[in-house]
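There are 2 protein chains.
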Amino acid sequence: MKMTIKDIAKTAGISYSSVSRALNGLKGVSEETRQKVRDIAEQMDYSPNAVARGLVQKQTGTLGLIIPDITNPFYPELARGVEERASAAGYNTFLCNTNYELEKETSYIRNLLEKRVDGIILAPISSQSNFLEQRKRMPLPCVYLGNAPQDTGYSFVITDNVRGGYLAARTLIQKGYRKIGFISGNDGGWMVDERYTGFKDAMKRYNLEIKDNYVQLENWRQESGFEIINKMIHSGDYPRAIIAGNDFLAMGILQGIKSNGLKVPYDIAVIGFDDIPAASWPEINLTTIKQPKIQMGADAVDVLVALLGDERIEIVSEPRRIILDPELILRGTC
Amino acid sequence: MKMTIKDIAKTAGISYSSVSRALNGLKGVSEETRQKVRDIAEQMDYSPNAVARGLVQKQTGTLGLIIPDITNPFYPELARGVEERASAAGYNTFLCNTNYELEKETSYIRNLLEKRVDGIILAPISSQSNFLEQRKRMPLPCVYLGNAPQDTGYSFVITDNVRGGYLAARTLIQKGYRKIGFISGNDGGWMVDERYTGFKDAMKRYNLEIKDNYVQLENWRQESGFEIINKMIHSGDYPRAIIAGNDFLAMGILQGIKSNGLKVPYDIAVIGFDDIPAASWPEINLTTIKQPKIQMGADAVDVLVALLGDERIEIVSEPRRIILDPELILRGTC
DNA sequence: CTGAAAGCGCTAACAG
DNA sequence: CTGTTAGCGCTTTCAG
Numbered sequence: 001m002k003m004t005i006k007d008i009a010k011t012a013g014i015s016y017s018s019v020s021r022a023l024n025g026l027k028g029v030s031e032e033t034r035q036k037v038r039d040i041a042e043q044m045d046y047s048p049n050a051v052a053r054g055l056v057q058k059q060t061g062t063l064g065l066i067i068p069d070i071t072n073p074f075y076p077e078l079a080r081g082v083e084e085r086a087s088a089a090g091y092n093t094f095l096c097n098t099n100y101e102l103e104k105e106t107s108y109i110r111n112l113l114e115k116r117v118d119g120i121i122l123a124p125i126s127s128q129s130n131f132l133e134q135r136k137r138m139p140l141p142c143v144y145l146g147n148a149p150q151d152t153g154y155s156f157v158i159t160d161n162v163r164g165g166y167l168a169a170r171t172l173i174q175k176g177y178r179k180i181g182f183i184s185g186n187d188g189g190w191m192v193d194e195r196y197t198g199f200k201d202a203m204k205r206y207n208l209e210i211k212d213n214y215v216q217l218e219n220w221r222q223e224s225g226f227e228i229i230n231k232m233i234h235s236g237d238y239p240r241a242i243i244a245g246n247d248f249l250a251m252g253i254l255q256g257i258k259s260n261g262l263k264v265p266y267d268i269a270v271i272g273f274d275d276i277p278a279a280s281w282p283e284i285n286l287t288t289i290k291q292p293k294i295q296m297g298a299d300a301v302d303v304l305v306a307l308l309g310d311e312r313i314e315i316v317s318e319p320r321r322i323i324l325d326p327e328l329i330l331r332g333t334c
Numbered sequence: 335m336k337m338t339i340k341d342i343a344k345t346a347g348i349s350y351s352s353v354s355r356a357l358n359g360l361k362g363v364s365e366e367t368r369q370k371v372r373d374i375a376e377q378m379d380y381s382p383n384a385v386a387r388g389l390v391q392k393q394t395g396t397l398g399l400i401i402p403d404i405t406n407p408f409y410p411e412l413a414r415g416v417e418e419r420a421s422a423a424g425y426n427t428f429l430c431n432t433n434y435e436l437e438k439e440t441s442y443i444r445n446l447l448e449k450r451v452d453g454i455i456l457a458p459i460s461s462q463s464n465f466l467e468q469r470k471r472m473p474l475p476c477v478y479l480g481n482a483p484q485d486t487g488y489s490f491v492i493t494d495n496v497r498g499g500y501l502a503a504r505t506l507i508q509k510g511y512r513k514i515g516f517i518s519g520n521d522g523g524w525m526v527d528e529r530y531t532g533f534k535d536a537m538k539r540y541n542l543e544i545k546d547n548y549v550q551l552e553n554w555r556q557e558s559g560f561e562i563i564n565k566m567i568h569s570g571d572y573p574r575a576i577i578a579g580n581d582f583l584a585m586g587i588l589q590g591i592k593s594n595g596l597k598v599p600y601d602i603a604v605i606g607f608d609d610i611p612a613a614s615w616p617e618i619n620l621t622t623i624k625q626p627k628i629q630m631g632a633d634a635v636d637v638l639v640a641l642l643g644d645e646r647i648e649i650v651s652e653p654r655r656i657i658l659d660p661e662l663i664l665r666g667t668c
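What follows is the structure in structure tokens.
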């Protein structure tokens, strides 16, 4: 049977509050009893009940990570970053896969609320994601990760997507490309808008025109990249360089280009976003704008923990906004 | 402030035990009061406290998933399978990344124990993984996933690795290859032994010799695949076909072969293991032995839930052993 | 059908 | 330094 603090107290012949003190390293016990208690605990293979503790302390030492799909290579690194940092900070992480379904996202939030997680890290699907818009406020400390509303009062950790878009475009422009296209998924999130804004900024800055038919905002499926570029090429009027909304899409585009007998980057250059692991494989070798994914995950935890700290001392904390720098990773596709 | 069952009771003017019954759909309340309670709960935005419930029921509705590395493309699908099924069964999943460190695995187990998870799904690093060997018994329902000891009394879900190894070898042999090598990581897990056994079986069955220098059991890093094949090729005596311990290694081998100016499969054929997503990308196009990863994850949850069911009715359950069929996925590398 | 009461395992005042 | 006591929010007998 599972041992409790009372069992220890009994065999030690002391009160169980003393046991609690001893085990938790609180002052108010002699070194002697402390050691005795520890010995007994060890020997009885005692395992403190975090559930009971959570009930009284109103802190569970757990947090929820909500992501669209762990199977999408962008998210594992994010998850790794948060899990690692969370664990180091004494938190356990609930993994929640929404499978891109808004409804699941909502139900997970409710679910995590019931489990009384201390906070939530949310990598949202789209801008409709926010619980907050639909109901009142998120009733729990929450930090947006990767994709976030910058104007509402929420904490977030993102990379500077505007700058990323700008960087991508500028790189292409400086390499001499003039006819530049932009192909991306469009889930109604904030991220795409930001990246597109950066792209537009650069084009404007260098007095280049953005042709409407060079811009396609559809979805994130790889095949969709294939099809779009294919259609562009067949139309006879296609850009000399393309910025893809993420690496996955870029890979589809790469395949589409090659399947038309064209060469990358000689006929069409491509630059992706995120720098998923595969981008660095020799077979792919994709130039891309890197997001520091593990860092982002870790930072999100730091932000959340800080928020929790504020809350504990009853401060209504200012939202913390962290915007990390993207990095151009030059490889073979541009 | 957070509402409790008592608040509801007060505003409804009834006892809080009735509220509990009403909310939990237990019999013993009139439809009338039940509806009233539900309305109030809804309107007060009541969220039941799973921690408190967990304390009394001694079930938390959570489970732990321990894996080496979510960043390794084999695991996300496993994780997806368990998370999805767990969620459907009413469980939340703690994600625990051991980063291939035995010590972390052990500390996570202790940690999960304290959190009073209902059970653990363990994708172990090596055969030393088992808590069980070191201490007495895993003090909690546990199912091994992917890599498991078949002789001890534990439940597990794996694919038939012996058959997988056999399948890989037979495929190669039937295609006419005679000089076949085996390159794999060797972490002291059971999986590699099983696959190698299958390989040996097939070679024996077809009266083929296994040359010692064609077998290299080192580690799982991709570069290691590159280096090993490189060395083999330079030695002048190299196999005409290679079975790789997993797809990642196979990719390294592929790169090594190409970097030597040799062609796949004409000069050397390659067959991998697992069928990670990248294996199906046109740029990789790797023939491989597929593990039904999502299925495995889901099955592991089913097994665990069954175990928990047994436990609840105080049955010492027989270990459940699920061995799934691997599948040959023929692509371009053999 | 409903209420009262005990208690899950622990922490946190409060006395001594 | 130590023990007593009162809950945390809920489920679950046990009476009524």
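Residue numbers (our numbering), protein chains in the order written: chain A, 1 to 334; chain B, 335 to 668.
Using N, Cα and C, we set each Cβ at its ideal position, and we do this for glycine too.
Computed from a predicted model, the values in this text were never measured in an experiment.
- Take the alpha-carbon of B:V385 and the one of A:A50: they are about 9 Å apart.
- The three-state secondary structure of B:V371, taken from DSSP, is helix.
- 9 Å or more divides the Cβ of B:I663 from the Cβ of B:D601.
- The CB of A:G54 comes closer than 8 Å to the CB of V385 in chain B, given here in chain order.
- Within the region 432-493 of chain B, the complete beta strand (DSSP E) segments at least 3 residues long are 453-456, 476-479 and 489-493, listed from N- to C-terminus.
- Distance from the Cα of A:N260 is smallest, within the candidate group A:V215, A:F226, A:A250 and A:V143, for A:F226.
- In the DSSP assignment, no residue is bridged to B:S593.
- The beta carbon of A:N230 sits closer than 6 Å to those of G256, all from its chain and outside the five residues before and after it, given in chain order.
- Residues of the region 275-298 of chain A with a C-beta less than 8 Å from any C-beta of chain B: P277, A278, W281, P282, E283 and I284, listed in chain order.
- When DSSP assignments are scanned along the region 573-653 of chain B, the uninterrupted stretches of beta strand (DSSP E) that are 3 or more residues long and fall wholly within it turn out to be 575-578, 603-608 and 622-624.
- Taking a beta-carbon distance threshold of 9 Å, A:T62 counts as an interface residue toward chain B.
- Counting only runs of at least 4 residues, the region 27-93 of chain A fully encloses the following alpha helix (DSSP H) elements, listed from N- to C-terminal order: 31-44, 50-57 and 75-88.
- Residue range R321 to L324 is occupied by the beta strand (DSSP E) that includes A:I322.
- Relative to B:I400, the option among B:L542, B:V451 and B:G519 whose CA is nearest is B:V451.
- At least 9 Å separates the CB of B:R646 from every CB of chain A.
- Using a Cβ-Cβ cut-off of 9 Å, B:E417 is close to I70, L95, C96 and N97 of chain A, given in chain order.
- Between B:I492 and B:I577, the C-beta spacing is not below 9 Å.
- At a Cβ-Cβ threshold of 9 Å, A:L249 and A:I183 count as neighbours.
- Not flagged as an interface residue toward chain A: B:S354, since no C-beta distance is shorter than 9 Å.
- A Cβ-Cβ distance of about 6 Å is found for the pair A:K36 and A:A12, placing them in contact under the 8 Å criterion.
- Taking CB atoms only, B:N495 has no neighbour in chain A less than 9 Å away.
- Of all residues in the region 365-382 of chain B, only S381 and P382 place a beta-carbon less than 7 Å from a beta-carbon of chain A.
- Assigned with DSSP and collapsed to three states, B:S352 falls in helix.
- For A:R320, not one C-beta of chain B is nearer than 9 Å to its own C-beta.
- The Cβ neighbour count for B:A422, taken over all protein chains shown within 10 Å, is under 16; the residue is labelled exposed.
- With a beta-carbon spacing of about 13 Å, B:N580 and B:L551 fall beyond the 8 Å limit used to define contacts.
- Classified as exposed, B:S569 has fewer than 16 neighbouring CB atoms from the shown chains inside 10 Å of its CB.
- At a Cβ-Cβ threshold of 9 Å, B:L474 and B:L506 do not count as neighbours.
- Residue contact check for B:K534 against chain A: no CB pair falls below 9 Å.
- With fewer than 16 other beta carbons inside 10 angstroms of its own, A:M44 counts as exposed.
- In this structure, the beta-carbon distance from A:G309 to A:I289 does not fall below 9 Å.
- For A:P76, the residues of chain B that pass the 7 Å Cβ criterion are I404, T405 and P410, in the order they occur in the chain.
- Counting other Cβ atoms within 10 Å of its Cβ, A:V56 stays below 16 and is therefore classed as exposed.
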